[in-house]
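What follows is a set of notes on a single structure, which appears directly below.
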Amino acid sequence: MGVLMRRNAIIILMCIELMLNAVNLLLVTFSRMHQNADAQLFVFFIMVVAAAEVSVGLSIIVLMYRKVRSIDVNILNRLKIK
12 MGVLMRRNAI
22 IILMCIELML
32 NAVNLLLVTF
42 SRMHQNADAQ
52 LFVFFIMVVA
62 AAEVSVGLSI
72 IVLMYRKVRS
82 IDVNILNRLK
92 IK
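For the sequence shown, the residue numbers in the numbering used here are 12 to 93.
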C-alpha cells in the first residue's frame, strides 16, 4: 500500500525494497520446506538486483531534488522535456 498511497519518493523506494525482501523470505521458506536449494540461489540474484535498484533509484531522487527542490512524486510532471 505504501507504493500506491505515499507521495514521497524515498518512502516509495523503501516500500519496494520491503516487497522484494518479503519475496526473498518466501523463497527461502519454500525452498527450505521442499528441501531444494535452487530458490535460495535465486534469492542472491534478487538481492543483487535490489542493490542496483537502490543505487539507481537514489541517484534519480537526488537529481530530482536538485532540479525541483522536492522529492514529491506529484511534481515529476515538471521534469518533462517540452
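Each residue gets a CB set at the ideal place from its N, CA and C atoms; glycine is no exception.
Handout entry: Nearest-angstrom Cα separation, counted from residue 22 out to residue 82
Key = 10 Å
Exercise for the section: Go ahead and pull the three-state DSSP assignment for residue 88. Expected result: helix
Problem - Neighbour-count burial assignment, residue 63, 16 or more Cβ in a 10 Å radius - result: exposed
Exercise for the section: Would you give the residue range spanned by the alpha helix (DSSP H) that residue 61 belongs to? Expected result: 49-79
Practice task
Under the assumption that residue 51 contacts residue 60 (Cβ atoms under 8 Å), give the Cβ distance between them as a whole number of angstroms.
Solution key: Wrong, their Cβ atoms sit about 16 Å apart, outside the cutoff.
Handout entry: Boundaries (first-last residue) of the alpha helix (DSSP H) holding residue 27
Key = 20-44
Problem - 6 Å CB neighbourhood of residue 24 in its chain, flanking five on each side removed - result: 68
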